[in-house]
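Report on the following structure.
Numbering (the UniProt record's numbering), first residue to last: 1 to 278.
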C-alpha cells in the first residue's frame, strides 16, 4: 500500500464489516507527511448523488492556470472514499457517483455544472473501501479496473487470541491487580472467542432481524468495557468473569429482539462458561 500510494495508484480494500478496512486506511493516511499530502474523507451512503459528490470533491481544490484545478501548493490530494458501493443503483444499472469518479480517472477532468466548462483536475488520487455483503454488492468493472484491489478477511482464531490476550494482560499487569487475575486472562479470552463464534454461527440476519450481524466490533466492545474496570472492583477471577458476562449481555443479548432468541443466547452463554470454568 505504501508503494502504491507513492506511485499514485488507486487502492481499494474489500472485506466484510468489522475487518478493520477503514481503521487501516485511516491510520496509514494519518501518518503521511502533511507538507506533501492532503487527505479528504468522502463517506458514501445510499443517498449520495454525483452532484453532492462533485461539491465535496471540489471543496479542497483551488484554481490554477486556465482550466486547471488542484490542491493548494504542490501537495498531493488523496480522496478516501469509504463504503464505495453504498449509493443507489438507478433504473439503468448505473451509479451516479461511480460514473463521475470513473470519468475523472479515465480522462482527468469533469465539467462545471453551471458554466458547462471543462475542469482539468490534477495531483489527486483515490483510496477506497467497500463491503461486498452490503449496498450494491459490486461496482462497475469499468471503475474497478483502475484500482489495485486487496481483500481483508476476518482474523483467524490464533491471531484474535494473541491480540486480545496481549490487550487484557497489559491492563491486568498494572493497577495492582492480583496475580490470580493475570493468570486467568487467557482463559477469559478463550471463553470470549468461543462464545463469539457460537453466537455468530447461531443468530443470522433476516429481513426482520437485519441487525443480527456479529463481527470484530462486538468483540472489541466487550473488551473495551472490561478495560474500564479497576482493581477496586475486580479482585478475583470470578469478578472478572462476572464483568465479562455483563459486557457480553450488553453487546450480544441487547441486540436480540425475540424472547426465543434471548433464551437461546442465555443457554448458549451458560454452556460455554461451564466448558471453560468448572
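Backbone N, C-alpha and C fix where the C-beta goes; we use that ideal spot for every residue, glycine too.
What is the C-beta distance between residue 231 and residue 177, in whole angstroms, given that I count them as a contact (C-beta under 8 Å)? The count along the chain shown starts at 1 and reaches residue 231 at position 231. The count along the chain shown starts at 1 and reaches residue 177 at position 177. That belief holds up - the Cβ atoms of residue 231 and residue 177 are roughly 5 Å apart, short of 8 Å.
List, from N- to C-terminal side, the alpha helix (DSSP H) runs of 4 residues or more that fit wholly inside the region 44 to 96. 50 to 58
What residue range does the alpha helix (DSSP H) around residue 265 cover? Position 265 of the chain shown, counted from the start, is the residue given in the question as residue 265. Element bounds for residue 265: 259 to 276.
Rounded to the nearest angstrom, what separates residue 290 and residue 237 at their Cα positions? This structure cannot settle anything about residue 290, because the visible part of the chain is limited to 1 through 278.
What residue ranges within the region 106 to 167 form continuous alpha helix (DSSP H) runs of no fewer than 4 residues, ordered along the chain? 141 to 144
Rounding to the nearest angstrom, what Cα-Cα distance links residue 53 and residue 142 in this structure? For the purposes of this step, residue 53 is taken as residue 53 along the chain shown, with counting starting at 1. For the purposes of this step, residue 142 is taken as residue 142 along the chain shown, with counting starting at 1. Taking the straight line joining both Cα atoms gives about 19 Å.
Using alpha carbons as the reference points, say which of 163, 185 and 99 lies closest to residue 173. Start at 1 with the first residue of the chain shown, and residue 173 comes out as number 173. The option with the nearest alpha carbon to residue 173 is 185.
For a quick check, are the C-beta atoms of residue 85 and residue 12 less than 8 Å apart? On the chain shown, residue 85 is found 85 positions in, with the first residue counted as 1. On the chain shown, residue 12 is found 12 positions in, with the first residue counted as 1. With a cutoff of 8 Å on beta-carbon distance, residue 85 and residue 12 are scored as not near each other.
Distance between residue 181 and residue 170 (C-alpha atoms, nearest Å): What you label residue 170 is simply residue 170 of the chain shown in a count that begins at 1. What you label residue 181 is simply residue 181 of the chain shown in a count that begins at 1. Distance between the alpha carbons of residue 170 and residue 181 is about 12 Å.
So does the region 255 to 265 actually touch the region 199 to 208, counting three or more Cβ pairs closer than 8 Å? yes
With burial defined as no fewer than 16 other Cβ atoms inside 10 Å of the residue's Cβ, what is the status of residue 196: buried or exposed? In the chain shown, residue 196 corresponds to position 196, counting from 1. Under a 10 Å Cβ-count criterion, residue 196 is classified as buried, with 16 or more other Cβ atoms of the shown protein chains found around its own Cβ.
Let me check one thing: in DSSP terms, what residues is residue 1 bridge-paired to? Stepping through the chain shown from its first residue, residue 1 is reached at position 1. None; residue 1 has no bridge partner.
Please report how far the alpha carbon of residue 235 lies from the alpha carbon of residue 179, in whole angstroms. As a position in the chain shown, residue 235 is number 235, starting the count at 1. As a position in the chain shown, residue 179 is number 179, starting the count at 1. About 10 Å.
Residue 270: buried (16+ other C-beta within 10 angstroms of its C-beta) or exposed? By 1-based counting over the chain shown, the position of residue 270 is 270. Exposed: under 16 other Cβ atoms inside 10 Å.
With distance defined between alpha-carbon atoms, name the residue in 62, 56, 124 and 59 nearest to residue 76. Here residue 76 refers to the residue found at position 76 when the chain shown is read from its first residue. Here the closest residue by C-alpha is 124.
If you drop the 5 nearest sequence neighbours on each side, which residues of the same chain put their C-beta closer than 8 Å to that of residue 20? The count along the chain shown starts at 1 and reaches residue 20 at position 20. Excluding sequence neighbours, residue 20 sits near 152 and 216.
To the nearest angstrom, how far is it from the Cα of residue 220 to the Cα of residue 159? Here residue 220 corresponds to residue number 220 of the chain shown, with the count starting at 1. Here residue 159 corresponds to residue number 159 of the chain shown, with the count starting at 1. Cα-Cα distance, rounded: 14 Å.
Quick check: what's the CA-CA separation for residue 31 versus residue 67? On the chain shown, position 31 is the one that residue 31 refers to. On the chain shown, position 67 is the one that residue 67 refers to. So the two alpha carbons sit approximately 32 Å from each other.
Through-space distance from residue 278 to residue 192, alpha-carbon basis: Residue mapping note: residue 192 aligns to position 192 of the chain shown, counting from 1. Residue mapping note: residue 278 aligns to position 278 of the chain shown, counting from 1. Distance between the alpha carbons of residue 192 and residue 278: 16 Å.
Beta-carbon proximity list for residue 8, same chain, < 6 Å, skipping 5 on both sides: For the purposes of this step, residue 8 is identified with residue 8 of the chain shown, where counting begins at 1. So the qualifying residues of the chain are 125.
Rounded to the nearest angstrom, how far is the Cβ of residue 223 from that of residue 164, given a contact under 8 Å? Mapped onto the chain shown, residue 223 falls at position 223. Mapped onto the chain shown, residue 164 falls at position 164. That pair is a contact at about 6 Å.
Among residues of its own chain, excluding the 5 on either side of residue 214, which ones have a beta-carbon nearer than 6 Å to its beta-carbon? On the chain shown, residue 214 is found 214 positions in, with the first residue counted as 1. Within its own chain, the residues whose Cβ lies closer than 6 Å to the Cβ of residue 214, once the five positions on either side in sequence are excluded, are 199 and 200, listed in chain order.
Specify the secondary structure class of residue 215 as computed by DSSP and reduced to three states. Here residue 215 refers to the residue found at position 215 of the chain shown. Residue state, collapsed to three classes: coil.
Just to confirm, are residue 43 and residue 83 a CB contact at a threshold of 8 Å? Counted from its first residue, the chain shown places residue 43 at position 43. Counted from its first residue, the chain shown places residue 83 at position 83. In contact: residue 43 and residue 83 (Cβ atoms closer than 8 Å).
Alpha carbon to alpha carbon, what distance is there between residue 228 and residue 93? Mapped onto the chain shown, residue 93 falls at position 93. Mapped onto the chain shown, residue 228 falls at position 228. Roughly 48 Å between the two C-alpha positions.
For residue 40, three-class secondary structure by DSSP: Reading the chain shown from its first residue, position 40 is the one you call residue 40. Three-state result, residue 40: strand.
Report the three-state DSSP secondary structure of residue 25 (helix, strand or coil). As a position in the chain shown, residue 25 is number 25, starting the count at 1. Of the three classes helix, strand and coil, the one that applies to residue 25 here is helix, per DSSP.
Beta-carbon separation (whole angstroms), residue 104 vs residue 121, contact threshold 8 Å: Locating residue 104 in the chain shown gives position 104, counting from the first residue. Locating residue 121 in the chain shown gives position 121, counting from the first residue. Their Cβ separation, rounded to whole angstroms, is 6 Å, which keeps residue 104 and residue 121 in contact under 8 Å.
Residue 10 and residue 146 - do their beta-carbons sit closer together than 8 Å? Residue 146 sits at position 146 when you count from the first residue of the chain shown. Residue 10 sits at position 10 when you count from the first residue of the chain shown. Yes; because the gap between Cβ atoms is below 8 Å, this pair is in contact.
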